[in-house]
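Step one of this worksheet: look at the structure below.
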């Protein structure tokens, strides 16, 4: 196949989709470094390889079934299929502080009082200004995790009230409905969150997003103390 100096294995695997003759595994052209550690910022990940996310203090690994777009930030990873907008699918977050539900406001620029992430996360969820319409459990890797599906109250303070509440310091925007999962990582809790709407054709229904989260995180591997 063609010989190019692929920077990482994932680059080579992506090229392999367009040029099936491309040789990746064991090629002298591939960087000898760990090709599966995902760097900060946006990247596109090829299916089939194990990727380690270790930017923030609660490292984990995933293997994707389809080409996947990710954006890795200091305390958040956004994950979506490559044909979707990054913000439109789901987030994995490592947060040490959450907003006190009693001070939460329907304003993208207004944030309530921050409190330490409570030991009773379920209690925190149930005191949000939302209705918990269902709750249950999902299996992520070898871990059983609880989830809560939320819907906002129908009454709003004003007809043009914004659609997002801030629930954490960094990029923690809670839409007027959505699903929270709580993952008990050995180094502290991970929050997984999806919200049900998006611009068509880039959006999926709430049920489709729920299924995508469960399918994507079935390979989740929690890595303590990296």
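Residue numbers (the numbering used here): 1422 to 1647. Yeah, the Cβ is synthetic: ideal placement off N, Cα and C, and Gly gets one too.
Residue i to residue j span [Cα, whole Å]
{"i": "residue 1535", "j": "residue 1522", "result": "9 Å"}
{"i": "residue 1495", "j": "residue 1556", "result": "29 Å"}
{"i": "residue 1497", "j": "residue 1558", "result": "22 Å"}
{"i": "residue 1611", "j": "residue 1439", "result": "36 Å"}
{"i": "residue 1461", "j": "residue 1613", "result": "19 Å"}
{"i": "residue 1470", "j": "residue 1638", "result": "14 Å"}
{"i": "residue 1524", "j": "residue 1625", "result": "31 Å"}
{"i": "residue 1630", "j": "residue 1560", "result": "16 Å"}
{"i": "residue 1539", "j": "residue 1589", "result": "13 Å"}
{"i": "residue 1609", "j": "residue 1526", "result": "26 Å"}
{"i": "residue 1515", "j": "residue 1545", "result": "16 Å"}
Residues near residue i by beta carbon distance below 6 Å, same chain, minus five either side
{"i": "residue 1473", "result": "1457, 1458, 1482"}
{"i": "residue 1643", "result": "1481, 1606"}
{"i": "residue 1492", "result": "1463, 1499, 1507"}
{"i": "residue 1634", "result": "1511, 1615"}
{"i": "residue 1565", "result": "1558"}
{"i": "residue 1542", "result": "1603"}
{"i": "residue 1549", "result": "1522"}
Residue i (DSSP reduced to helix, strand or coil)
{"i": "residue 1563", "result": "coil"}
{"i": "residue 1548", "result": "coil"}
{"i": "residue 1424", "result": "Residue confidence for residue 1424 is low, a pLDDT of 48 falling below 50, so the modelled location carries little weight; the figure read from the coordinates is stated next. If DSSP states are grouped into helix, strand and coil, residue 1424 belongs with coil."}
{"i": "residue 1637", "result": "helix"}
{"i": "residue 1448", "result": "Note that residue 1448 scores 35 on pLDDT, short of 50, meaning its location in the model is unreliable; the coordinates nonetheless yield the value given after this. DSSP places residue 1448 in coil when its eight states are reduced to three."}
{"i": "residue 1518", "result": "strand"}
{"i": "residue 1461", "result": "coil"}
{"i": "residue 1556", "result": "strand"}
{"i": "residue 1628", "result": "helix"}
{"i": "residue 1439", "result": "helix"}
{"i": "residue 1616", "result": "coil"}
7 Å Cβ shell around residue i - same chain, five flanking residues per side excluded
{"i": "residue 1640", "result": "1483, 1484, 1562"}
{"i": "residue 1532", "result": "1520, 1587"}
{"i": "residue 1503", "result": "1465, 1488, 1489, 1490"}
{"i": "residue 1468", "result": "1485, 1486, 1487, 1488"}
Proximity winner among the options, relative to residue i (alpha-carbon distances)
{"i": "residue 1645", "options": "1475, 1461, 1467", "result": "1475"}
{"i": "residue 1537", "options": "1518, 1490, 1625", "result": "1518"}
{"i": "residue 1490", "options": "1510, 1478, 1477", "result": "1510"}
{"i": "residue 1570", "options": "1564, 1532, 1547", "result": "1547"}
{"i": "residue 1554", "options": "1637, 1600, 1520", "result": "1600"}
{"i": "residue 1567", "options": "1466, 1602, 1514, 1488", "result": "1602"}
{"i": "residue 1632", "options": "1478, 1477, 1479, 1501", "result": "1501"}
Cβ-based neighbour list, residue i, same chain, cut-off 8 Å, excluding 5 preceding and 5 following
{"i": "residue 1572", "result": "1551, 1552, 1554, 1597, 1598"}
{"i": "residue 1419", "result": "Nothing about residue 1419 can be reported from this structure: the residues present for the chain run from 1422 to 1647 only."}
Beta strand (DSSP E) runs contained entirely in the stretch 1469–1500, provided each spans 3 or more residues = You should have 1471–1474, 1481–1484, 1489–1493.
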